[in-house]
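Residues 7 to 261 in the numbering used here are what the sequence shown lists, from first letter to last. C-beta: ideal position from N, C-alpha, C; glycine also. Below: one structure, written as structure tokens.
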Amino acid sequence: MLFDTHTHLDSIEFADDRKEVIERAYAQGVTRMINVGFNRETIPTTMELVESYEFIYAAIGWHPVDAIHMQPGDLEWIESLCKHEKVVAIGEIGLDYHWDTSPKEVQHKVLREQIGLARSINMPIVIHNRDAHEDIVKILREEKAHEVGGVMHSFSGSWETAKMCLDMGFHLSFGGPITFKNAKQPKEVLQQVPMDRLLLETDSPFLTPHPYRGKRNESGYVTLVAEAAAALKGVSLEEISTITTKNALERFGIR
7 MLFDTHTHLD SIEFADDRKE VIERAYAQGV TRMINVGFNR ETIPTTMELV ESYEFIYAAI
67 GWHPVDAIHM QPGDLEWIES LCKHEKVVAI GEIGLDYHWD TSPKEVQHKV LREQIGLARS
127 INMPIVIHNR DAHEDIVKIL REEKAHEVGG VMHSFSGSWE TAKMCLDMGF HLSFGGPITF
187 KNAKQPKEVL QQVPMDRLLL ETDSPFLTPH PYRGKRNESG YVTLVAEAAA ALKGVSLEEI
247 STITTKNALE RFGIR
């Protein structure tokens with residue numbers, strides 16, 4: 007049993023074969039998935055997925071790349087949807103300094119507002135962090151994100167950053183990059199992360215693991231991520247699968 011804790015199965019890349027991709031993943035032992043809705047377009051399609059599949063759950067929030075498009079009332083909309091029994095986190099939220107689409111001050115404001123919402127309804131958060139390690143840690147601390155904790159999605163920072171996130175009660179999630187030949191840092195960090203704070207993901211259709219790198223990713227490929235994580239940790243595939251699934255169920259409050 008495996009848990010893909012971060013996927014985008016509602017993406018247009020799956021328009022022609024979404025049902026087959028989902029069924030293929032389930033047949034491969036990926037028995038739970040969290041689909042992430044991150045803007046005005048993908049939040050509704052994520053909710054449609056969780057209504058259609060018993061084993062798919064939702065994280066919903068406002069992505070930093072789209073922060074500039076957030077309007078009055080959107081935070082209240084997200085809050086209302088969080089009452090749904092299958093919405094298990096607010097995310098993916100965070101900072102992205104790679105794509106120059108939303109000014110940093112707008113990203114900071116939207117992130118702080120969503121952490122505040124998460125604290126008010128006691129829900130974990132899923133953090134997107136691209137090239138913004140120092141500011142992410144600073145804002146998480148200032149907004150007391152440790153009160154709800156959550157997941158550092160597709161973790162790419164140093165062990166120093168990882169330790170600060172772990173100290174705030176976060177889990178670290180790893181995907182396709184740990185299968186890349188030259189991805190030295192995420193492999194070294196994963197080896198040091200305590201087993202009870204480790205999660206696995208695909209971020210499909212992005213970050214496809216080896217040997218399919220360059221092609222469309224899908225949730226079933228979390229098996230390849232699990233194999234790489236098991237090798238890095240020096241444990242069996244069965245053990246890494248069992249532990250990371252247990253971690254995800256506990257982190258997201260899923261029975």
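> Going straight from the alpha carbon of Tyr-63 to that of Asp-106, what length do you get?
Replying inline: Between the alpha carbons of Tyr-63 and Asp-106 lies a distance of about 30 Å.
> Would a C-beta distance cut-off of 9 Å place Thr-52 and Gly-43 closer than the cut-off?
Replying inline: yes
>> Just to confirm the assignment: which complete alpha helix (DSSP H) runs, minimum length 4, are found wholly within the region 180 to 261?
In response: 190 to 198, 228 to 239 and 243 to 257
> Which residue or residues does DSSP assign as beta-bridge partners of Arg-136?
Replying inline: Asp-102
> Which first and last residues belong to the alpha helix (DSSP H) in which Arg-38 is found?
Replying inline: Per DSSP, Arg-38 belongs to no alpha helix (DSSP H); it is in the beta strand (DSSP E), 36 to 43.
>> Relative to the C-alpha of Met-201, which candidate in His-139, Thr-48 and Leu-238 has its C-alpha closest?
In response: From the listed residues His-139, Thr-48 and Leu-238, the smallest Cα separation to Met-201 is found for Leu-238.
> In this structure, what does DSSP give as the bridge partners for Thr-13?
Replying inline: Asn-41
>> Quick check on Met-7: buried or exposed, where buried means 16 or more other Cβ atoms within 10 Å of its Cβ?
In response: Exposed.
> With a CB to CB cut of under 7 Å and the five nearest residues on each side skipped, what residues in its chain are close to Met-129?
Replying inline: Cys-88, Ala-95, Ile-96 and Val-154
>> Let me confirm a value: Gln-197 is counted as buried when at least 16 other C-beta atoms fall within 10 Å, else exposed. Which label applies?
In response: exposed
> Which of the three DSSP states, helix, strand or coil, is assigned to His-177?
Replying inline: Residue state for His-177 is assigned as strand, using DSSP reduced to three classes.
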